[in-house]
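Student:
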Amino acid sequence: MNNVTIFPTPSMDPTTSAIVGEDPMEKTLSDIVEIYILVVFFVIGAPLNLISFYKLLRSLRQCRTGSLTGRISINLLRLHLNMADLMTIFIYTTSQIGWLTTRQWLGGDLLCRIIKFFHTFVFYLVSFIIVCIAIDRVYGAYKLR
0 MNNVTIFPTP SMDPTTSAIV GEDPMEKTLS DIVEIYILVV FFVIGAPLNL ISFYKLLRSL
60 RQCRTGSLTG RISINLLRLH LNMADLMTIF IYTTSQIGWL TTRQWLGGDL LCRIIKFFHT
120 FVFYLVSFII VCIAIDRVYG AYKLR
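Each residue of the sequence shown is one higher than the last, beginning at 0 in numbering that gives the first Met the number 0.
And the structure:
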């Protein structure tokens, strides 16, 4: 016969079916590694994307003044991709670091729903902008023929 019992053992809490002594707030190794990776992404990605954003804005202004008129569309798409990356860094990364360090949400239901919406939105936004850049490049290649 199997050694499986259907009754809770003394080491288990019958109300939660969790092992007594395990702290749900305790961080696992994967949580700690993810926190460090997200912090590195934020520390490196935020300044570099802000610098890139500034340079793209300056480049777009030069395109509109007439010195680089043929590059307006690709510069605008690159600017939009950079803005989507900034949204990813500042919305997803910061909220995920906060969640992994505290394991609780203090912002209320509405803010939770808004943040979760933007978690999904920014990743789709980045993907769709990359598709738009690819379509623009294909259009540019066929326009040469």
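Beta carbons are placed, not taken as given, at the ideal position from N, Cα and C, and that holds for glycine.
#1: Between which two residues does the alpha helix (DSSP H) containing Phe89 stretch?
#2: Assuming Val130 and Thr87 make a contact with CB atoms under 8 Å, what is their CB distance in whole Å?
#3: Run the proximity test for Pro46: is its beta-carbon closer than 7 Å to any non-hydrogen atom belonging to the ligand ADP?
#4: What residue range does the alpha helix (DSSP H) around Lys115 cover?
#5: Using the C-alpha atoms, what's the distance from Phe52 back to His186?
#6: I'd like to know whether the C-beta atoms of Leu55 and Asn81 end up nearer to each other than 8 Å.
Tutor: Reading it off the structure:
#1: Where Phe89 is concerned, there is no enclosing alpha helix (DSSP H), given that its DSSP letter is neither H nor E.
#2: Actually they do not touch by this definition, with Cβ atoms about 16 Å apart.
#3: Ligands in the displayed structure: none, and consequently the ligand ADP is not present.
#4: It spans Gly107 to Lys142 - the alpha helix (DSSP H) in which Lys115 sits, taken as one unbroken run.
#5: Here the chain comprises residues numbered 0 to 144, so residue 186 is not present and cannot be evaluated.
#6: In this structure, Leu55 sits near Asn81, with a CB-CB distance shorter than 8 Å.
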